[in-house]
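I have placed the structure first, in the form of structure tokens, so that the comments after it can refer back to it.
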Amino acid sequence: MKIDFYLRFQTRYGQSLALSGNLLSLGAGEPAAALPMRFLNNDFWHASIEVETGTAEHLHYHYLYTNEHGEIIADAEQHRSVALAKKDAEQLVLIDTWNYAGEFENAFYTAPFTDVFFNGASSPRVKKAKRYTHQFRVKAPLLQANECVCLLGDGEGLGNWNHETPVLLERSGEWWTARLDLGDAVFPLSYKYGVYNFKKNHFICYEEGDNRLLHSQETPETLTILHDGFLRLPNTSWKGAGIAIPVFSLRSQNSFGVGEFADLKLLADWASGVGMKLIQLLPVNDTSATFTKADSYPYAAISAFALHPQYISLARVAGKKGAASLKSLAKKQKQLNALAEIDYEEVMKIKMQVLRELFEADGDEFTKEAAYKEFVAQNNHWLKAYATFSQLRDKFGTSDYNQWKTNSVYDEAEVDRLVTNRSRTGKEIRFYYFVQYHLHLQLREAVEYIHKRGIVVKGDIPIGIYRYSVDAWQEPGLYHMDWQAGAPPDDFAVKGQNWGFPTYNWDRMQQDGFRWWKRRFEQMSNYFDAFRIDHILGFFRIWSIPLDAVEGIMGRFIPALPIRHHEFGERGIWFDYDRYCRPYITDAVLAEVFADRAQFVKEHFVQSNVRGGYDLLDAYRTQRKVETYFAQQEATPDNESLKQGLYDLVSNVLFFDEPGSNGTNYHFRISIDSTTSFRHLDEGTKGRLKELYVDYFFRRQDEFWKGEALRKLPALKAATHMLICGEDLGMVPATVPSVMKDLGILSLEIQRMPKDPKTEFFHPKTAPYLSVVTPSTHDMSTIRGWWEEDRERTQRFFNEVLESPGAAPYFCESWINRAIILQHLYAPAMWSIFQLQDLLGMSDTLRRDNPAEERINQPADPKHYWRYRMHLSLEQLLKEKEFNTELREYITNSGR
């Protein structure tokens with residue numbers, strides 16, 4: 004059989020196309036061996052192959068586009084498949100349409116829509132043609148109930164454009180399909196798709212745009228299959244609203260001082276009642292490293308796969324059989340539930356103690372359940388390592404595996420031995436199997452209930468992994484353990500952020516096709532329909548801080564194109580290594596930083612140098628050494644001020660030299676104009692350095708960082724069926740919006756963080772369709788808290804964005820809160836998602852008294868205690884009929 008491929012695609016000089024597929028002639032799935040295509044005309048590229056009968060039952064293929072920059076982009080169509088075994092045609096002609104990943108319609112073929120929203124889509128019954136010469140395929144995700152795609156065109160076979168008798172297409176997977184015998188048709192012929200109500204037998208409308216054209220049939224023995232892309236209909240009509248809240252923040256009468264997976268059912272009842280379609284959560288992975296409040300930080304998980312025991316319902320684990328054993332906890336449960344905030348340590352202490360008792364009482368009966376065996380089979384790649392890690396952490400009293408007396412280096416054979424050991428060690432490890440199994444059951448049960456309410460669940464993937472985690476212990480080669488991930492300075496953290504996570508070794512991860520990431524997505528898809536990529540900028544470049552630094556301001560972007568030594572001379576800058584790369588410390592600097600304690604610093608922390616200034620003593624030469632010293636001193640305000648001053652001296656540099664470059668490559672310290680080192684330079688040098696600074700951060704890296712993202716994100720996106728949303732906030736490279744748009748990844752738009760540097764506020768009415776709009780996130784103050792932070796800024800917002808005259812109210816009155824919520828609901832974005840605190844801010848009776856108590860996280864504080872909890876119970880919220888009715892009307896009237 005001869006197979007001809009025709010792809011509709013317009014190119015420019017220097018661009019090319021190739022065809023990849025499961026047949027040997029198409030490279031057998033290896034992109035590097037793909038079959039080059041030939042430019043046919045301005046509309047089509049062509050390729051042809053011969054296939055022997057019986058070679059393969061199915062042909063699976065896709066197209067690869069190489070642009071003039073050498074970047075390879077895969078066609079986004081995931082389901083180009085043709086059955087070959089039963090084809091008796093001598094020639095197969097495939098006429099395809101390129102599927103651009105950024106097409107809005109592609110979003111409607113992700114899990115939220117195929118598995119929940121559009122799951123019940125119907126199709127008319129169509130009589131199967133016994134003989135056909137043409138097969139028409141088109142996608143149409145946004146049809147209403149009882150609607151189907153119809154086809155009209157020239158000639159009898161296409162209904163002669165008669166609206167009364169159009170050709171009806173039937174739904175087959177993602178495609179609407181019609182098989183027609185056009186053997187007697189006169190070619191070329193024009194045709195068009197339309198929408199038809201098959202219950203009322205009523206033609207509704209044609210698709211938009213010009214007629215489509217079908218050229219002549221090659222031979223009578225030719226079968227032509229047309230993949231016509233998407234039905235040309237308005238594609239921005241679907242919108243949804245959602246609620247964002249951490250699981251730990253939920254409050255119900257049945258929970259145990261902290262939100263639990265079971266509480267998600269009540270949240271879904273409320274969300275469904277007010278017309279919401281999405282529940283967004285923070286990471287729910289296990290963070291049990293120290294069993295102190297430091298573990299409340301949800302982005303420092305000891306496993307990227309394991310669920311957190313704090314979310315388990317003890318009553319559900321106990322069941323009827325063990326219910327009596329929990330009665331003694333009723334008083335403690337009531338006390339913890341009455342607290343305004345979470346007592347993380349007490350909750351975890353009690354839950355782990357009771358879980359051990361329930362495990363002992365079970366006597367390994369759970370291991371005989373079919374559901375347990377299936378759970379282990381699907382998750383063993385992480386489960387056995389996690390359970391063993393947890394047992395060793397308990398045994399040695401630390402998750403820092405470097406300090407363990409045994410097993411500090413992961414050995415799979417040894418782990419297998421420990422897991423199967425029938426001794427006490429094996430039993431202790433099985434306890435963590437027991438806990439994870441029940442967490443899995445409870446979260447799956449909650450998600451299935453949420454889906455039945457017509458709601459999807461959105462998860463959160465942290466950009467990093469915890470330094471002392473199972474992941475780092477099991478596969479340390481996947482990470483750069485000698486760096487710390489963080490974020491550069493911004494309005495929320497002027498010294499930058501140091502998350503302490505190792506950075507990813509992307510080169511190593513790419514060697515096995517990003518196996519770790521694909522497994523992570525597969526695990527998440529058990530529970531989530533969509534996910535937020537925390538700090539998607541990290542896929543372009545990550546802010547990397549050396550281990551000897553404490554503050555994020557000491558970091559730099561990796562990878563990044565450095566400044567070469569010769570560039571200084573070319574720009575008229577005399578390069579003085581000591582002046583630019585060592586801390587600049589003079590009498591004037593010491594006086595500015597330490598005031599009346601400058602002399603004390605001279606006597607205890609620095610020494611004179613030959614340059615007429617000072618160097619830090621070796622014991623204080625890095626921020627980590629300074630931190631170590633003050634950890635042994637009394638914690639007083641004076642000592643804290645002194646420590647911060649020494650941190651500032653260490654960071655008072657203009658450049659970092661790149662390790663191993665032998666003095667040839669340099670990287671700017673960020674925010675150099677805030678340093679005394681920069682301010683003490685002459686004006687000419689400052690101007691030339693500033694020009695180089697702007698070039699380094701905002702020009703030279705753009706295409707390089709784009710290439711970094713394109714070698715990671717397309718492969719990761721193709722590996723999951725979930726809808727992907729990116730948290731693209733902060734110091735955003737110029738290439739980020741275009742890459743996200745081209746890949747169909749939703750952006751995050753926040754009113755107080757405009758991406759246009761020329762505007763102070765972002766207005767939701769200007770949001771792109773493929774985006775999530777929200778007035779605040781867990782890392783920010785709520786609407787009410789933000790309103791009180793900066794009186795002058797609030798006044799400008801009041802006059803310019805709310806378009807209200809006069810003086811702004813000092814406090815955020817409920818009508819102001821409501822106006823901001825409505826702006827977001829009426830935005831053109833696909834999703835409007837709100838923190839519960841912001842929604843309650845519309846009500847004078849339901850809002851919290853103090854808005855400062857509504858905030859979830861303080862990014863500037865690396866030791867922040869995450870303990871925010873709803874001040875209302877979910878049961879009470881469900882009963883607030885007036886508020887719920889009002890909110891439902893807002894959501895409904897906005898078209899969400």
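Numbering follows our numbering, in which position 413 of the sequence shown is assigned residue number 416; successive positions increment by one, without gaps. C-beta: ideal position from N, C-alpha, C; glycine also. Here the structure is a predicted model, which means the values were calculated and not measured.
Short Cβ contact (9 Å threshold) for residue i with residue j
i           : j           : result
residue 142 : residue 173 : no
residue 24  : residue 63  : yes
residue 207 : residue 199 : yes
residue 838 : residue 766 : no
residue 317 : residue 264 : no
residue 724 : residue 114 : yes
residue 709 : residue 748 : no
residue 669 : residue 660 : yes
residue 820 : residue 788 : no
residue 705 : residue 779 : no
residue 92  : residue 225 : yes
residue 252 : residue 783 : no
residue 166 : residue 155 : yes
residue 805 : residue 824 : no
Backbone CA spacing between residue i and residue j [nearest angstrom]
i           : j           : result
residue 665 : residue 567 : 11 Å
residue 396 : residue 97  : 58 Å
residue 112 : residue 83  : 14 Å
residue 615 : residue 589 : 8 Å
residue 486 : residue 651 : 20 Å
residue 36  : residue 69  : 14 Å
residue 752 : residue 268 : 28 Å
residue 772 : residue 597 : 51 Å
residue 108 : residue 238 : 7 Å
residue 612 : residue 764 : 48 Å
residue 638 : residue 627 : 17 Å
residue 439 : residue 312 : 8 Å
residue 733 : residue 703 : 19 Å
residue 521 : residue 722 : 6 Å
residue 634 : residue 645 : 12 Å
residue 3   : residue 737 : Residue 3 is absent from the structure shown; the chain starts at 4 and stops at 899.
residue 896 : residue 130 : 41 Å
residue 828 : residue 756 : 18 Å
residue 371 : residue 425 : 16 Å
residue 683 : residue 242 : 54 Å
residue 797 : residue 811 : 7 Å
residue 494 : residue 863 : 10 Å
Sequence-distant residues of its chain with Cβ nearer than 7 Å to residue i (five each side left out)
i           : result
residue 274 : 246, 282 and 458
Neighbourhood of residue i by C-beta, 6 Å cutoff - its chain only, sequence neighbours within 5 removed
i           : result
residue 185 : 136, 137 and 160
residue 707 : 564
residue 557 : 548 and 654
residue 436 : 390
residue 301 : 285 and 286
residue 347 : 296 and 299
residue 404 : 411 and 476
residue 385 : 308
residue 86  : 61
Same chain, Cβ closer than 8 Å to residue i, five either side skipped, listed in chain order
i           : result
residue 408 : 399
residue 315 : 263, 264, 354, 358, 438, 441, 442 and 445
residue 768 : 826, 829, 830 and 831
If we count Cβ pairs, one from each stretch, closer than 8 Å, do we get three or more for the region 463–479 versus the region 420–433? Because the criterion of three Cβ pairs below 8 Å is not met, the region 463–479 and the region 420–433 do not touch.
In chain order, each alpha helix (DSSP H) run of at least 4 residues that lies wholly inside the region 470–524: 473–477 and 509–514
Which runs of the alpha helix (DSSP H) at least 4 residues long sit entirely within the region 809–883? Give them in chain order. You should have 817–828, 839–843 and 877–882.
Using 8 Å as the threshold, is the region 694–702 in touch with the region 720–728, meaning 3 or more CB pairs across them? no
Whole beta strand (DSSP E) elements within the region 109–187, 3-residue minimum: 137–142, 150–156, 173–175 and 178–183
Between the region 475–485 and the region 502–509, do three or more beta carbon pairs fall short of 8 Å? These segments touch.
Is there contact here, the region 487–501 with the region 527–546, by at least three beta-carbon pairs under 8 Å? yes
Is there contact between the region 314–329 and the region 349–365, where contact requires at least three CB pairs shorter than 8 Å? yes
Which whole runs of the beta strand (DSSP E) in the region 67–106 are 3 residues long or more, in chain order? 75–77, 84–86 and 94–100
Those runs of the alpha helix (DSSP H) which lie wholly inside the region 573–627 and span at least 4 residues: Restricting attention to alpha helix (DSSP H) runs no shorter than 4 residues, the region 573–627 encloses them at 580–584, 590–597 and 601–607, ordered along the chain.
Continuous beta strand (DSSP E) assignments of at least 3 residues falling wholly in the region 224–288: 225–233, 243–247 and 281–283
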